[in-house]
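The structure appears right after this line, and notes come after that.
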Amino acid sequence: MSNDKVIIADKLTKRFGDFTAVDAISFEVNKGEIFGFLGANGAGKTTAMRMLSGLSMPTSGKAIVAGFDIYRENEQIKRNIGYMSQKFSLYEDLTVKENIRFYAGIYGKSNQFIKEKTERVLRQLHLSAEADKLVKSLPLGWKQKLAFSVAIFHEPQLVFLDEPTGGVDPVTRREFWHMIYEAAASGITVFVTTHYMDEAEYCNRVSIMVDGRIDALDTPQQLKKTFSASSMDEVFLKLARKATRAAD
Amino acid sequence: MKQFLSFVKKEFHHIFRDLRTMFILLAMPVAQIIIFGFALTNEVKNSRIVVWDQSKDAATTSLINQIEASNYFELDREIYSANEIETSFKKGKVKLAVIFPPHFNEDLLHFNKAQVQLIADASDPNVANTLTNYASAIIMDYQDRITNERKLPYTITTEMRMLYNPELKGAYNFVPGVMAMVLLLVCTMMTAITIVREKEMGTMEVMLVSPMKPFRIVLAKAVPYLMLSAVNITSILLLSVYVLDVPINGSLVLLVAESLLFTLVSLSLGLLISSRAESQQTAMFISLVALFLPTVMLSGFMFPIENMPLPLRTVSNIVPAKWYYSIVRSVMIKGVGLHAVWKETLILAGMFVFFLGLAIKNFKIRLA
Chain C
1 MSNDKVIIAD KLTKRFGDFT AVDAISFEVN KGEIFGFLGA NGAGKTTAMR
51 MLSGLSMPTS GKAIVAGFDI YRENEQIKRN IGYMSQKFSL YEDLTVKENI
101 RFYAGIYGKS NQFIKEKTER VLRQLHLSAE ADKLVKSLPL GWKQKLAFSV
151 AIFHEPQLVF LDEPTGGVDP VTRREFWHMI YEAAASGITV FVTTHYMDEA
201 EYCNRVSIMV DGRIDALDTP QQLKKTFSAS SMDEVFLKLA RKATRAAD
Chain X
249 MKQFLSFVKK EFHHIFRDLR TMFILLAMPV AQIIIFGFAL TNEVKNSRIV
299 VWDQSKDAAT TSLINQIEAS NYFELDREIY SANEIETSFK KGKVKLAVIF
349 PPHFNEDLLH FNKAQVQLIA DASDPNVANT LTNYASAIIM DYQDRITNER
399 KLPYTITTEM RMLYNPELKG AYNFVPGVMA MVLLLVCTMM TAITIVREKE
449 MGTMEVMLVS PMKPFRIVLA KAVPYLMLSA VNITSILLLS VYVLDVPING
499 SLVLLVAESL LFTLVSLSLG LLISSRAESQ QTAMFISLVA LFLPTVMLSG
549 FMFPIENMPL PLRTVSNIVP AKWYYSIVRS VMIKGVGLHA VWKETLILAG
599 MFVFFLGLAI KNFKIRLA
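Residue numbers (this note's numbering), protein chains in the order written: chain C, 1 to 248; chain X, 249 to 616.
And the structure:
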């Protein structure tokens, strides 16, 4: 395999009984890329993402994540990826610092590393003054940015963001994407699912899942051209209308 | 190991920051033992009685004096007609009426047979039962004394000794029961709820993506509760010995070891529940209905298992608290060693392995 591919999926399939949630998807994600993973609810995005992040075993197919096989090298994959869920997953009853310490701790980082990096991250987030405040006292936008910083704190090769901007106002969303660009510039590959089509425009490449299959995969510009659409919104609607599967 | 420690530390933060959790974990066991030890007791003291003495002779006076002299009864007043019995019961304070027919002493002396009637307010059957027993015992005692004076040719006297609990104190029964309840509550319910909370908040998912092994995660969640249980075991035992005067007759080491074993069973049950429940409410509901009720009803602590119908007796065998309760009573009150409770110990150990295995299997299925 080549070193500039962070994800290589080959006919990756997941069945639950008779139901094929993910139907032989194949795609590649390059290092440092911001990869948009789109699809209507129930299209199979979450299942695909769970397989790639080691939360779920595929029924068939192959995949290499961060250079490791998802069947055999689950442990190494886990060390090299980060994950942020749509719920932000911070502990509201812990302080900002304690949250960082905890997540860095379960990745086995040294105290020295945690201490130095915590200060740097808090300064970047302008959260130094709030370091010892409980997370529940922070506004939603700050929680979201903190959650992202926590997800990449251990410096993974790849970070999965599962609808990271749900319920956040447009200004904060823009600031958040700024953080995503910075992470990508520092070499972290970003794999992001979203429902906001304007966000899809920010991605380097976008894949659109329909009924468990990837029906389109290209740069936003190219997709708009192929589907002769003026926006990603239109592209998405054209594809999603073909879906036969009911959304969950 | 470092992962594990940062996890345990975080778990203690959760516990110490939440006053309600702290209260349930540390104050409730103490409150329970005190409530059960002092308030819930079968002993009846200073019950008010009325006496209708139609004889007024030496024998009745002496008997009434004896009844009054006991701790159990206090003479409310004398009455002079049958109607007054019910009127005094209806006022609520009086629980027992003692009625001597006319010529009590004469009957006793001439026919060797006299009658005394006890009428109890059985709207509370347990109290009525206890009171009539106490009163009969005092009357029997009086009879014994006069028979001795007159030397009847054949008499059988029963002499009773209550071994292990000579004063028939309720606390001897409640302390082992409360220990079982508290450990179950702390370990099972709290562990289940705290794990399910992580599922609800989405933090569980993030941890499962981390290099931390699922089994380690649940283990790290259980450790703080194991430690708090050790604190609870200590405080309950201290309270029982120094406040409730319940002795520890057997080996303290064995008692603590058995308690830790029961804690492990409870923890594994908590893990099992958390692997199935999707919301905190479900977890709490399952813990209360499937565990707490059987523990109270079927462990032998409230109701004797020997008196239950066969199906219930059979069911009681799968209630872990039943075995633990029996162990604690044997070790703490009777003072026996491991040789007397090895069977129960083995059953608890088996339950621990079984529940833990099932819990781990369930977690794995979730991940597949």
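Think of the CB as a built atom: it goes at the ideal place given N, C-alpha and C, for glycine as much as any other residue.
Note that the structure is predicted; figures quoted are calculated from it, not measured.
Checking contacts by CB at 8 Å: is Tyr91 (chain C) closer than that to chain X? yes
Mark Ser458 (chain X) as exposed unless 16 or more other C-beta atoms lie within 10 angstroms of its C-beta, in which case mark it buried. buried
Val206 (chain C) versus Ala24 (chain C): straight-line alpha-carbon distance, rounded: 18 Å
Residues in the segment 255-284 of chain X with C-beta within 9 Å of chain C's C-beta atoms, listed in sequence order? Here the close residues are Phe255, Lys257, Lys258, His261, His262, Arg265, Asp266.
Can you tell me the Cα-Cα spacing of Gly585 (chain X) and Val579 (chain X), whole angstroms? 6 Å
Under 7 Å by beta carbon: chain X residues contacting Ile188 (chain C): Those within 7 Å of Ile188 (chain C) in chain X number zero; the least Cβ separation is about 15 Å.
Could you check which residue in X:Ala538, X:Leu536, X:Ala588, X:Lys570 has the C-alpha nearest to that of Phe551 (chain X)? X:Lys570
Are the beta-carbon atoms of Ile581 (chain X) and Tyr412 (chain X) separated by less than 8 Å? yes
Kindly indicate if chain X contains any beta-carbon less than 8 Å away from that of Phe153 (chain C). no
Member of X:Leu323, X:Gln251, X:Ser254, X:Lys612 whose CA lies at the smallest distance from the CA of Val299 (chain X): X:Leu323
Using only the alpha-carbon positions, how far apart do Ser547 (chain X) and Ser564 (chain X) sit? Whole-angstrom Cα-Cα distance: 7 Å.
According to DSSP, what are the bridge partners of Ile521 (chain X)? Partner(s): none; Ile521 (chain X) has no beta bridge.
For the segment 439-456 of chain X, which residues have a beta carbon sitting closer than 7 Å to at least one beta carbon of chain C? Met449, Gly450, Thr451, Glu453, Val454, Met455, Leu456
Could you tell me which whole alpha helix (DSSP H) segments of length 4 or greater appear in the segment 6-60 of chain C? 45-52
Here's the rule: buried if 16 or more other CB atoms are within 10 angstroms of the residue's CB, otherwise exposed. What is Gly335 (chain C)? The displayed coordinates of chain C run from 1 to 248. Any statement about residue 335 (chain C) would go beyond what the structure contains.
So, does the CB of Ser458 (chain X) fall closer than 8 Å to a CB anywhere in chain C? Yes, Ser458 (chain X) lies at the interface with chain C (some Cβ there is under 8 Å from its Cβ).
Can you pull out the residues from the segment 142-176 of chain C whose beta carbon lies closer than 7 Å to at least one beta carbon of chain X? none
Just the chain C side, please: which residues come within less than 7 Å of Lys250 (chain X) by C-beta, in chain order? Gly105, Gly108
Can you name the residues of chain X whose CB is closer than 9 Å to the CB of Leu94 (chain C)? Simply Lys258, His261, His262, Arg265.
Ends of the alpha helix (DSSP H) at Gly254 (chain C)? Missing from the structure shown is residue 254 (chain C); chain C here goes from 1 to 248 and no further.
Using a Cβ-Cβ cut-off of less than 8 Å, give me the residues of the segment 45-57 of chain C that come near chain X, in sequence order. Ser53, Gly54, Leu55, Ser56, Met57
I want to see whether chain X comes within less than 8 Å of Ile81 (chain C), judged by CB atoms only; does it? yes
Return the chain-ordered list of same chain residues with a C-beta closer than 7 Å to the C-beta of Met270 (chain X), the five sequence neighbours on each side being excluded. Ile263, Phe264, listed in sequence order.
Option nearest Phe153 (chain C) by Cα separation, candidates C:Glu201, C:Arg79, C:Cys203, C:Thr172: C:Arg79
Give the residues of chain X in contact with Ser230 (chain C), contact being defined as C-beta atoms less than 7 Å apart. Here the premise fails: no neighbours, minimum Cβ distance about 36 Å.
Taking Cβ-Cβ distances below 7 Å as the criterion, which residues of the segment 64-77 of chain C are in contact with chain X? Glu75
Gly108 (chain C) and Lys250 (chain X) look like a contact to me (Cβ under 8 Å); what is the Cβ gap, rounded to whole Å? 6 Å
So what's Ile64 (chain C) in DSSP terms, helix, strand or just coil? strand
Pair every Cβ in the segment 464-472 of chain X with every Cβ in the segment 514-531 of chain X, then say whether three or more of these pairs are closer than 8 Å. yes
If I measure Cβ to Cβ from Tyr103 (chain C) and keep anything under 7 Å in the same chain, skipping five residues before and after, which residues do I get? Val150, Phe153
Identify, in the order they occur along the chain, each residue of the same chain with its Cβ nearer than 8 Å to the Cβ of Lys5 (chain C), setting aside the five sequence neighbours on each side. Glu28, Val29, Asn30, Lys31, Ile64
Measure the alpha-carbon distance for Thr593 (chain X) versus Ile443 (chain X) and round it to whole angstroms. 28 Å
Since Gly82 (chain C) is in the alpha helix (DSSP H), which residue starts that stretch and which ends it? Counting along the chain, Gly82 (chain C) falls outside any alpha helix (DSSP H), though it belongs to the beta strand (DSSP E) covering 81-84.
Taking the alpha-carbon positions, what's the Ile8 (chain C) to Ala48 (chain C) distance? 13 Å
What residue from X:Val544, X:Ala345, X:Pro277 has the CA that sits closest to Pro568 (chain X)'s CA? Ranking X:Val544, X:Ala345, X:Pro277 by Cα distance to Pro568 (chain X) puts X:Val544 first.
Can you tell me the Cα-Cα spacing of Thr59 (chain C) and Asn610 (chain X), whole angstroms? 19 Å
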